[in-house]
Structure formats: structure tokens, C-alpha cells
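If you're matching positions, the sequence shown starts at 244 in the numbering used here and goes up one per residue.
Glycine included, each C-beta is placed from N, C-alpha and C at the ideal position.
None of these values were measured; they are calculated from a predicted model.
Below you'll find the structure, written out as C-alpha cells, and then a few comments.
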Amino acid sequence: MAGRNVRQYLYTNLAGKPCVRKIRKEPKAFFMQSWVPGEHAFWAKGIRPEQEHFADRAMYHLPELMWALKAGEPVWWCEGEKDADAIRGVGGFATSHWQGAGAATRDQAKWFLRGNGRSLIRLVVDVDQSGCGANCVIVRKRLLLSAGVARSRIRIVAPPLPHKDAAAAIEAGLPLSRFRRPDEARLTAAANGYTAERKTRREFSDWMGRAS
244 MAGRNVRQYL YTNLAGKPCV RKIRKEPKAF FMQSWVPGEH AFWAKGIRPE
294 QEHFADRAMY HLPELMWALK AGEPVWWCEG EKDADAIRGV GGFATSHWQG
344 AGAATRDQAK WFLRGNGRSL IRLVVDVDQS GCGANCVIVR KRLLLSAGVA
394 RSRIRIVAPP LPHKDAAAAI EAGLPLSRFR RPDEARLTAA ANGYTAERKT
444 RREFSDWMGR AS
């Protein structure tokens, strides 16, 4: 794959041992690698059989996420690792899934059943014109509910405009307290209306104007 590697995001198991990692390249592109254990351990391209059993459950900063849930601390589930790292950098407990927008799994959502059941789960929405971010956050909420997480624990939050994601807002110096709950009815409508064609045309989704 052409391009220059600019960042890597490591996903570990509960014991902190490496399982998979996502590599970001510039121009923007991503690819996955699997950790192949053994005497001559190495990183291999793609999701290998050695990691298939865990890949669909893998969550970013998993051991830290489990600690926060056990302690009853609020946790943030972001669309991407960059946002999770930004929130973590200002003192929050944050995670992400590696599969990309709208592609989280029920097995990943099941992790949030761990702990004492008191942690508030903040689902961070990316503010974009196509409704892709809206679709992703609604998918995550539905996965949590289907996994058995209480609705009262779930909050969808958006970064204050004009910032499109958590990383941009934090880089601008805004605290996490500035994140607000969007109009969820409009957000859900934008999610239901999202299509790949709409993303290509970059149609405006008017929930954005009410996100803050």
C-alpha cells in the first residue's frame, strides 16, 4: 500500500498483550496487522487466524476501559482512535472500535456490561455533512441496547460547533464539559437517511446546526 505510515493504534487483550494494530498512512488510509506469537513473533498483514477469535471483540485501551467500568467512572466510546486518544489526554477514559464508522459489533458492545453497571457511557458523534457520523453513533447505541446495557446509562454527545470531532475540539482548547447532547430525533433521522451515495455527494444533514 502506497503512502507513509504516520500513526499506529495498538489493541491488546485484557492482560495487555498485543493482538491487532491499525496503521494510518498518509494520504489518509488504514490497514490492519495481527500479532503472531511464538518464538519468532511478528506483525503480519491483515487479521490472521491467530487473532480472529479476538478481533471482533477488540476495543482500544481495553484494560483501561475495564478498570473504569469496574470503578464506575464515566467512559467515552468514540468513532476513531484519534478522538479516544484526545479525550484520554485530558483525563477521560476513552475507547474506540477499529472497524471504522458504523462497523462496531455486538461483541464489542458487550464489554460495557462489565463492572458495577453504574458507569455513564458517552457515545461521541462525529459531526459531518453526510450523516455518516450520525449513523455510526446510532449503530453503537443500538448495539449497546441489544447487548443489555441500560438505556439510562447511555448518552450521545457532540463536540461544540464548528468542530467536527472530539480531537478537533480538544485541540482548540475546549474542555469535555463543553460537549453537549444533540437533538436525538434529528440525529436519528440523519442516521436513517445516510447512504454511501449521500456521503459522496456531501449532502447537508441539518442536525448539525443543532448539535451544540
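As assigned by DSSP and simplified to three states, the class of residue i
i: residue 373; result: coil
i: residue 417; result: coil
i: residue 287; result: strand
i: residue 429; result: helix
i: residue 280; result: coil
i: residue 292; result: helix
i: residue 450; result: Residue placement at residue 450 is poorly supported in this model, since its pLDDT is 47, which falls under 50; the coordinates are not used for a value here.
i: residue 412; result: helix
i: residue 435; result: helix
i: residue 455; result: Since pLDDT at residue 455 reaches only 33, below the 50 mark, its modelled position is unreliable, and the value read off the structure follows with that caveat. Residue 455: coil per DSSP, three-state reduction.
i: residue 445; result: Model confidence at residue 445 stands at a pLDDT of 49, short of 50, so the residue's coordinates are unreliable and nothing is read from them.
Pair within 8 Å by beta-carbon distance, residue i and residue j
i: residue 412; j: residue 421; result: yes
i: residue 459; j: residue 318; result: No information on residue 459 is available, as it lies outside the stretch 244 to 455 that the chain covers here.
i: residue 309; j: residue 385; result: no
i: residue 325; j: residue 371; result: no
i: residue 322; j: residue 376; result: yes
i: residue 250; j: residue 286; result: no
i: residue 305; j: residue 352; result: no
i: residue 284; j: residue 374; result: no
i: residue 474; j: residue 403; result: The question about residue 474 has no answer here: the residues shown for the chain are numbered 244 through 455.
i: residue 327; j: residue 303; result: yes
i: residue 336; j: residue 392; result: no
i: residue 381; j: residue 431; result: yes
i: residue 254; j: residue 301; result: yes
i: residue 359; j: residue 315; result: yes
i: residue 259; j: residue 275; result: no
i: residue 348; j: residue 426; result: no
Paired residues, beta bridge with residue i - DSSP
i: residue 269; result: 247
i: residue 264; result: 253 and 276
i: residue 423; result: 401
Check: residue i C-beta below 7 Å from any heavy atom of the ligand HEM
i: residue 437; result: This structure does not include the ligand HEM; it has no bound ligands of any sort.
Is the stretch 394–410 touching the stretch 356–372, taking contact as three or more C-beta pairs under 8 Å? When C-beta atoms of the stretch 394–410 are compared with those of the stretch 356–372, three or more pairs fall below 8 Å, so the two segments count as touching.
Please list the segments of the beta strand (DSSP E) lying wholly inside the stretch 298–325, counting only runs of 3 or more residues, in order along the chain. 318–321
Decide yes or no for the touch test of the stretch 334–343 against the stretch 286–297: beta carbon pairs closer than 8 Å, at least 3 of them. no
Sequence ranges, beta strand (DSSP E) only - wholly within the stretch 324–402, length at least 3: 336–339, 364–367 and 397–400
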